[in-house]
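So the sequences go chain by chain: R and D. For the first sequence, position 20 (counting from the first letter as 1) is numbered 23 according to the working numbering, and the numbering increases by one without interruption. For the second sequence, position 14 (counting from the first letter as 1) is numbered 17 according to the working numbering, and the numbering increases by one without interruption. Even glycine gets a Cβ: it sits at the ideal position worked out from N, Cα and C.
Protein chains: 2
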Amino acid sequence: MITPSPASSLFAEALNLPKSAVERLEERNIIRRAIIKHPFFSDIVEAYRLDKKFGEYEEGTVILRTINGITVVRGFPKIRRMLTIRPAILKHFNGKRVVAEEKMNGYNVRIVKAGKNLYAITRRGIVCPYTTEKVRECFDTDFFDAYPGYMLCCEAVGKSSPFVSSDVYGIDDLKFYVFDVRDGKTNRPMSVERKIEIAEKYGLDLVPVLGEILVTPSTIDDCVREIHEIVEELNRRGREGIVLKDVDMSVQLKYTTSAANCNDLRYAFRFFNEYGRDFMLSRIVREAFQSFEFDDEGAMKERCRRLGEAILKPMVESIKTVSSGKVVCETVKLKFSSFETLELFKEHLRLMGVNFRIEVVGEKGGKIEVELERVMRGTTDKISGILKGALWR
Amino acid sequence: MITPSPASSLFAEALNLPKSAVERLEERNIIRRAIIKHPFFSDIVEAYRLDKKFGEYEEGTVILRTINGITVVRGFPKIRRMLTIRPAILKHFNGKRVVAEEKMNGYNVRIVKAGKNLYAITRRGIVCPYTTEKVRECFDTDFFDAYPGYMLCCEAVGKSSPFVSSDVYGIDDLKFYVFDVRDGKTNRPMSVERKIEIAEKYGLDLVPVLGEILVTPSTIDDCVREIHEIVEELNRRGREGIVLKDVDMSVQLKYTTSAANCNDLRYAFRFFNEYGRDFMLSRIVREAFQSFEFDDEGAMKERCRRLGEAILKPMVESIKTVSSGKVVCETVKLKFSSFETLELFKEHLRLMGVNFRIEVVGEKGGKIEVELERVMRGTTDKISGILKGALWR
Numbered sequence: 004m005i006t007p008s009p010a011s012s013l014f015a016e017a018l019n020l021p022k023s024a025v026e027r028l029e030e031r032n033i034i035r036r037a038i039i040k041h042p043f044f045s046d047i048v049e050a051y052r053l054d055k056k057f058g059e060y061e062e063g064t065v066i067l068r069t070i071n072g073i074t075v076v077r078g079f080p081k082i083r084r085m086l087t088i089r090p091a092i093l094k095h096f097n098g099k100r101v102v103a104e105e106k107m108n109g110y111n112v113r114i115v116k117a118g119k120n121l122y123a124i125t126r127r128g129i130v131c132p133y134t135t136e137k138v139r140e141c142f143d144t145d146f147f148d149a150y151p152g153y154m155l156c157c158e159a160v161g162k163s164s165p166f167v168s169s170d171v172y173g174i175d176d177l178k179f180y181v182f183d184v185r186d187g188k189t190n191r192p193m194s195v196e197r198k199i200e201i202a203e204k205y206g207l208d209l210v211p212v213l214g215e216i217l218v219t220p221s222t223i224d225d226c227v228r229e230i231h232e233i234v235e236e237l238n239r240r241g242r243e244g245i246v247l248k249d250v251d252m253s254v255q256l257k258y259t260t261s262a263a264n265c266n267d268l269r270y271a272f273r274f275f276n277e278y279g280r281d282f283m284l285s286r287i288v289r290e291a292f293q294s295f296e297f298d299d300e301g302a303m304k305e306r307c308r309r310l311g312e313a314i315l316k317p318m319v320e321s322i323k324t325v326s327s328g329k330v331v332c333e334t335v336k337l338k339f340s341s342f343e344t345l346e347l348f349k350e351h352l353r354l355m356g357v358n359f360r361i362e363v364v365g366e367k368g369g370k371i372e373v374e375l376e377r378v379m380r381g382t383t384d385k386i387s388g389i390l391k392g393a394l395w396r
Numbered sequence: 004m005i006t007p008s009p010a011s012s013l014f015a016e017a018l019n020l021p022k023s024a025v026e027r028l029e030e031r032n033i034i035r036r037a038i039i040k041h042p043f044f045s046d047i048v049e050a051y052r053l054d055k056k057f058g059e060y061e062e063g064t065v066i067l068r069t070i071n072g073i074t075v076v077r078g079f080p081k082i083r084r085m086l087t088i089r090p091a092i093l094k095h096f097n098g099k100r101v102v103a104e105e106k107m108n109g110y111n112v113r114i115v116k117a118g119k120n121l122y123a124i125t126r127r128g129i130v131c132p133y134t135t136e137k138v139r140e141c142f143d144t145d146f147f148d149a150y151p152g153y154m155l156c157c158e159a160v161g162k163s164s165p166f167v168s169s170d171v172y173g174i175d176d177l178k179f180y181v182f183d184v185r186d187g188k189t190n191r192p193m194s195v196e197r198k199i200e201i202a203e204k205y206g207l208d209l210v211p212v213l214g215e216i217l218v219t220p221s222t223i224d225d226c227v228r229e230i231h232e233i234v235e236e237l238n239r240r241g242r243e244g245i246v247l248k249d250v251d252m253s254v255q256l257k258y259t260t261s262a263a264n265c266n267d268l269r270y271a272f273r274f275f276n277e278y279g280r281d282f283m284l285s286r287i288v289r290e291a292f293q294s295f296e297f298d299d300e301g302a303m304k305e306r307c308r309r310l311g312e313a314i315l316k317p318m319v320e321s322i323k324t325v326s327s328g329k330v331v332c333e334t335v336k337l338k339f340s341s342f343e344t345l346e347l348f349k350e351h352l353r354l355m356g357v358n359f360r361i362e363v364v365g366e367k368g369g370k371i372e373v374e375l376e377r378v379m380r381g382t383t384d385k386i387s388g389i390l391k392g393a394l395w396r
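This is the structure we're talking about:
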């Protein structure tokens, strides 16, 4: 009989797991630390997360032991993707009222109250000091006090983003847009209507609701046309895509613009040795099905050009970078409110296994401006070798 | 003490392997049958091949026990690829005289004499009945009688090709172009000069020799210019590329045209669920380095367009195929001289694990015309699911 680890014991207590489940949990070795011990996180005594799905519990599920007891924060569920709109909505939304919300291009954050303060948890289930600092500046605790145990699921969007920096929203700093309000313990979401009421009452920014349709075999043509128009408008503005949700939140499906697919490809091919082949192929497949469903000959020609440029140009740019003696890297500018959070954030990146360089470049309006640089060592070394005459396969 | 299998024993006897090597060979389980028992292969008593490299012995190495004794046929060595011409030739050919031969787009065949007859062995080391039939029609045994134990390494090229069918050579049937003459047992190649003499003497078709350069730091500019011109001319004609060989055959490097890279991509993306992501990425990487080394802005723009079309158009074609109720497949027309070889060839494809349909479509000039169809089940099923509304990831 093995004594369960403190982490497993916490999960067992929080989720009321039978002994056999605890043993499986130990065996699978999928529990990780979710937090760095630090005064900034003073409400939290200990916190662990699931690094993989476990039974009904999503990857990224976190258990916090706070000064007031145990808090369960379920992982944000994976939203499945449509590749063709018409058959997918008929199959999955037939007879349902469905809203189309904008899928914003940032990183997924769950905001919870633990003890006296707010905490921001990223997708994989780590409490992020940078995001937590921002969240405490943007939100008060009113909503959380009225709805204990609930979490706000948000997209963190803007240029000052350590994970997904985006320029298209006109946000220089980082802002949070709520897309779901969920019970942290059960993961049950509020209906779209209630979410909107709550956002109004507590002054929360919601991701834009762009349309509403009723999907039936007789309205399907109009539905597809409307969704296509919404997606095309987003595409023109360089936005990422939509999430379709039936108003009771029983089904959700996402769909992305060509602009987003190409953005992903530009990123992946710029760092082609760091990024998975599957990541690349899946974006190309999305473009192919979108082209099949909507393109006439001219649009397809234009899409081919766009796709080719999204793939080739960033690779050539990276080759030129290495050829001129520099390293291939990604740089973002972040703004911290205190040196304490900055130091903690560095530790956080190390915990996440990120290979980075960080430098303070200035102080303005009480904010510390830093440059975060992630060196893409694999891509740099690969290119450098080839430019010295190394062979491939 | 385990008794070695008949296959291992044959390898042991042919290669004079010590007992420990035979044991390793058994353990690794990399010996496969190289032949189907059949009167057409009457000279061969038994034949086995290496499915993986083993020590110095290449993948595709075959041992034949014939009516006259044992014949060793070494696997054709992997030729490494340059991604940038200038640094690669300086690094690998400095001070050497180098010829540029055309790399033709077909399949690699080693021709050997075993017993009284010629046999054609494909890359992986399988004696192919279709190719053997053609070889016996195209070659007499004069060369092999004068050079016992030698093999002719050829590219089998043309439209009637069961493995790589190509239209660009104006060859309706299948023809063989010699690129190496090698000692079957040691794999030692003859020099370029001797190969040319032998080809003249025995009336063999050689792959075209397109140029000769002397690589030194002071001639490097001219070398790169000349190679680039050769490659561009091949590219204009839709040809595959070149193999650079120093005249003594101590180093060989290959390099492909953009036309070939895009051809590969068209093929891979048409059957995107069958083909490896690595296959796709490697072709894209080749284009990026070629663009970096040679393109001005206009050429790069044109290359992006070409690349985008090579990727997207075939995928959309496959989607349209499935959408119209058909299956995604590859069809080639082959010509057999006898029904016996046809039947044997079917067995051969099964041995190779190919999923195919074959149909006799006519008889003309003593030849049996058949249509060979390889159904791409994975791609077909994937597309079909998505067109019915299935989701991705």
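Proximal chain D residues relative to R/K248, where beta-carbon distance stays under 8 Å: As a position in the first sequence, residue 248 of chain R is number 245, starting the count at 1. Simply none; closest approach about 15 Å.
Close beta carbons around R/E61, own chain, < 8 Å, minus the five adjacent residues each side: What you label residue 61 of chain R is simply residue 58 of the first sequence in a count that begins at 1. Take R/E61, set aside five residues on each side of it, and the residues of its chain with a beta-carbon closer than 8 Å to its own are L53, R77, G78, F79, P80, K81, N190, in chain order.
Partners in chain R for D/L390, counting only beta-carbon separations shorter than 7 Å: What you label residue 390 of chain D is simply residue 387 of the second sequence in a count that begins at 1. T87, P90, listed in chain order.
Contained beta strand (DSSP E) runs [length at least 3] in the stretch 22–106 of chain R, N- to C-terminal order: 34–36, 47–53, 65–69, 72–76, 100–106
Contact check, R/I389 vs D/L310, beta carbons under 8 Å: Within the first sequence, the letter at position 386 stands for residue 389 of chain R. Within the second sequence, the letter at position 307 stands for residue 310 of chain D. Cβ atoms of R/I389 and D/L310: not closer than 8 Å.
Whole-angstrom distance between R/E196 and R/R242, CA atom to CA atom: Walking along the first sequence from the start, residue 242 of chain R turns up at place 239. Walking along the first sequence from the start, residue 196 of chain R turns up at place 193. Cα-Cα distance, rounded: 24 Å.
Proximity below 8 Å, CB of R/L337 to CB of R/S221: Against the first sequence, residue 337 of chain R aligns to sequence position 334. Against the first sequence, residue 221 of chain R aligns to sequence position 218. Contact: no.
Interface partners of D/C265 on chain R, CB under 7 Å: For the purposes of this step, residue 265 of chain D is identified with residue 262 of the second sequence, where counting begins at 1. Going along chain R, no residue has its Cβ under 7 Å from D/C265, so there is no contact; the nearest lies around 10 Å.
Which of helix, strand or coil DSSP assigns to D/G244: Taking the second sequence and counting its residues from 1, one reaches residue 244 of chain D at position 241. Strand, per DSSP.
Distance between R/Y278 and R/Y385 (C-alpha atoms, nearest Å): Position 382 of the first sequence holds residue 385 of chain R. Position 275 of the first sequence holds residue 278 of chain R. The residue asked about is misnamed: residue 385 of chain R is Lys in this sequence, not Tyr. Each residue's Cα considered, the two are about 13 Å apart.
Below-8 Å beta-carbon distance, D/I114 vs any chain C residue: This model lacks chain C altogether; the protein chains it does include are R and D.
Entirely enclosed beta strand (DSSP E) segments - the stretch 164–210 of chain R, minimum 3 residues: Counting only runs of at least 3 residues, the stretch 164–210 of chain R fully encloses the following beta strand (DSSP E) elements, listed from N- to C-terminal order: 178–186.
Backbone secondary structure at R/V218 - three-state DSSP: Along the first sequence, read from residue 1 onward, the residue named residue 218 of chain R stands at position 215. Residue state, collapsed to three classes: coil.
C-alpha distance - R/D183 paired with R/G328, whole-angstrom precision: Sequence index remark: in the first sequence, residue 183 of chain R carries index 180 (1-based). Sequence index remark: in the first sequence, residue 328 of chain R carries index 325 (1-based). For the pair R/D183 and R/G328, the Cα-to-Cα distance works out to about 46 Å.
Own chain residues within Cβ distance below 7 Å of R/N71, not counting five before or after: Position 68 of the first sequence, counting from 1, holds the residue named residue 71 of chain R. Closer than 7 Å at Cβ, skipping near neighbours: G118.
As assigned by DSSP and simplified to three states, the class of R/R377: Locating residue 377 of chain R in the first sequence gives position 374, where the first residue counts as 1. Note: R/R377 maps to strand in three-state DSSP.
Outcome for R/F342 when other beta-carbon atoms lying within 10 angstroms are tallied against a minimum of 16: Stepping through the first sequence from its first residue, residue 342 of chain R is reached at position 339. Exposed is the label assigned to R/F342, since fewer than 16 other Cβ atoms lie within 10 Å of its Cβ.
Nearest to D/V102 (by Cα), restricted to the options D/L347, D/V210, D/S294: In the second sequence, the residue the question calls residue 102 of chain D occupies position 99. Answer by Cα proximity: D/V210.
Minimum Cβ-Cβ distance from D/E277 to chain R less than 8 Å: Counting from 1 along the second sequence, the entry for residue 277 of chain D is found at position 274. No, D/E277 does not count as interfacial toward chain R.
Members of the stretch 45–64 of chain R that neighbour chain D once the beta carbon cut-off is set at 7 Å: none
Runs of alpha helix (DSSP H) wholly within the stretch 231–286 of chain D (minimum 4 residues, chain order): Taken in chain order, the complete alpha helix (DSSP H) segments of 4 or more residues contained in the stretch 231–286 of chain D are 261–273.
Beta carbon of R/L213 nearer than 8 Å to that of R/I199: Residue 213 of chain R sits at position 210 when you count from the first residue of the first sequence. Residue 199 of chain R sits at position 196 when you count from the first residue of the first sequence. No, they are not a contact pair.
Proximal residues of chain R, C-beta to C-beta of D/I3 below 9 Å: Residue numbering for chain D in the displayed model covers 4 to 396; residue 3 of chain D lies beyond these limits and cannot be assessed.
Pair within 8 Å by beta-carbon distance, R/T344 and R/Y122: Taking the first residue of the first sequence as position 1, residue 344 of chain R is located at position 341. Taking the first residue of the first sequence as position 1, residue 122 of chain R is located at position 119. Going by C-beta atoms, R/T344 is not nearer than 8 Å to R/Y122.
Whether R/L93 touches R/V218 by CB criterion (8 Å): Locating residue 93 of chain R in the first sequence gives position 90, where the first residue counts as 1. Locating residue 218 of chain R in the first sequence gives position 215, where the first residue counts as 1. Cβ atoms of R/L93 and R/V218: closer than 8 Å.
Chain R within 8 Å of D/H231, Cβ atoms only: Position 228 of the second sequence, counted from the start, is the residue given in the question as residue 231 of chain D. By this cut-off, D/H231 is not an interface position.
Cβ distance (whole Å) where D/A17 is taken to contact D/I66 below 8 Å: Working through the second sequence from its first residue, we reach residue 17 of chain D at position 14. Working through the second sequence from its first residue, we reach residue 66 of chain D at position 63. At roughly 4 Å, the Cβ-Cβ gap stays under 8 Å, so D/A17 and D/I66 are in contact.
6 Å CB neighbourhood of R/E296 in its chain, flanking five on each side removed: Taking the first sequence and counting its residues from 1, the one referred to as residue 296 of chain R is at position 293. Closer than 6 Å at the Cβ level, and outside the excluded window around R/E296, lie T87.
CA-to-CA distance, R/F57 to R/L28, given in whole angstroms: Translated into the one-based positions of the first sequence, residue 28 of chain R becomes position 25. Translated into the one-based positions of the first sequence, residue 57 of chain R becomes position 54. So the two alpha carbons sit approximately 8 Å from each other.
Selection from D/P192, D/T259, D/R31 that minimises the alpha carbon distance to D/E236: On the second sequence, residue 236 of chain D is found 233 positions in, with the first residue counted as 1. Among D/P192, D/T259, D/R31, the Cα nearest to that of D/E236 belongs to D/T259.
Contact residues within the stretch 316–345 of chain D, judged by C-beta distance below 8 Å to chain R: K316, M318, V319, I322, K323, S326
Under 8 Å between C-beta atoms of R/V373 and R/F339: Taking the first sequence and counting its residues from 1, the one referred to as residue 373 of chain R is at position 370. Taking the first sequence and counting its residues from 1, the one referred to as residue 339 of chain R is at position 336. In this structure, R/V373 sits near R/F339, with a CB-CB distance shorter than 8 Å.
Neighbourhood of D/M2 by C-beta distance below 8 Å, restricted to the same chain and skipping five residues each side: As shown, chain D starts at 4 and ends at 396. That puts residue 2 of chain D outside it, with no answer to give.
Nearest-angstrom Cα separation, counted from R/E300 out to D/F272: As a position in the second sequence, residue 272 of chain D is number 269, starting the count at 1. As a position in the first sequence, residue 300 of chain R is number 297, starting the count at 1. It is roughly 19 Å from the alpha-carbon of D/F272 to the alpha-carbon of R/E300.
Cα-Cα separation between D/L20 and D/Y153, rounded to whole angstroms: Position 17 of the second sequence, counting from 1, holds the residue named residue 20 of chain D. Position 150 of the second sequence, counting from 1, holds the residue named residue 153 of chain D. Using only the alpha carbons, I get a separation of about 22 Å.
Exposure of R/S253, with buried meaning 16 or more beta-carbon neighbours within 10 Å: In the first sequence, counting from the first residue as 1, residue 253 of chain R sits at position 250. R/S253 should be labelled exposed.
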